[in-house]
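What follows is a single structure, written as structure tokens, with notes after it.
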Ligand SMILES: [Fe+2]
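Numbering (this note's numbering), first residue to last: 1 to 235.
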């Protein structure tokens, strides 16, 4: 099982605060069936350049790596890039894609979106040969108008929900509808710690198996993994 969105690297962003916490998050994830975990620490283009981010990330992982054991999932490196005007003109954005793939995880701004944002992201996707995954789409529902939010699903991107989307009464209906409409392309936990935002794939599993069918969880995860593997770059 793939967790495509997480913040487990120690002292990298607002996620894990220590190596011990990172290990607890990784072990809990593996115990819940996660075999591959993508590290998607926050990247804010207005505050940092990609090379500085990558150096910080390498340093954070160097602290964690000696402690990794077989009860931790495989780790892949990526980032969660907050959209910023001009992102489509950035030649270095390639450095932030998910390791070994052409996928890039983008967080939309938590303000009302203009059409220009979509135009710019489509430009980025087209000219960079990257495939954009929009992070935790359920979190934007309450901010956008119904028209703008529905328009989101006509865009040529992949859509990711957090596991929490299935447990929250505010977003469960949307998340289940996205499965129905083949609009849920990836699932992540967006875990940040071991308390308020802990690894919680089990919770999504419980809801999906109950609301859809006992085999639905397994099938969905097979679909997510298959999709992910199609985007692995052949060396
Ligand atoms: Fe996140």
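Just so it is clear, CB atoms sit at the ideal spot from N, CA and C, and this is done for glycine as well.
With a CB to CB cut of under 6 Å and the five nearest residues on each side skipped, what residues in its chain are close to residue i?
i, result
"residue 251", "Since the first and last residues shown for the chain are 1 and 235, residue 251 lies out of range."
"residue 95", "50"
"residue 149", "141"
"residue 168", "none"
Note down the Cα distance separating residue i from residue j, rounded to an integer number of angstroms.
i, j, result
"residue 190", "residue 20", "18 Å"
"residue 153", "residue 56", "34 Å"
"residue 41", "residue 12", "7 Å"
"residue 4", "residue 188", "5 Å"
"residue 71", "residue 30", "6 Å"
"residue 212", "residue 65", "39 Å"
"residue 93", "residue 176", "32 Å"
"residue 315", "residue 229", "Here the chain covers residues 1 to 235 and nothing more, so residue 315 does not appear."
"residue 38", "residue 208", "22 Å"
"residue 89", "residue 132", "15 Å"
"residue 223", "residue 115", "31 Å"
"residue 128", "residue 232", "16 Å"
"residue 73", "residue 6", "12 Å"
"residue 120", "residue 138", "21 Å"
"residue 173", "residue 180", "11 Å"
"residue 22", "residue 36", "15 Å"
For residue i, count neighbouring Cβ atoms within 10 angstroms of its own Cβ and tell me buried if that reaches 16, exposed if not.
i, result
"residue 87", "buried"
"residue 67", "exposed"
"residue 147", "exposed"
"residue 110", "exposed"
"residue 170", "exposed"
"residue 135", "buried"
"residue 32", "buried"
Can you list, in chain order, the residues of its chain whose CB lies under 8 Å from that of residue i, leaving out five sequence neighbours each side?
i, result
"residue 28", "194, 198 and 199"
"residue 156", "122 and 125"
"residue 145", "112"
"residue 17", "10, 11 and 193"
Considering only residues of the same chain and omitting the five flanking positions on each side of residue i, which have a CB-CB separation below 7 Å?
i, result
"residue 164", "200"
"residue 254", "Residue numbering for the chain in the displayed model covers 1 to 235; residue 254 lies beyond these limits and cannot be assessed."
"residue 178", "159, 161 and 184"
Chain D beta carbons: is any one of them nearer than 8 Å to that of residue i?
i, result
"residue 92", "The structure shown contains no chain D; it is built from a single protein chain."
Chain-ordered residues, beta carbon under 5 Å from a heavy atom of ligand 3: Because ligand 3 does not appear in the structure shown, any question about it cannot be addressed here, the ligands present being ligand 1.
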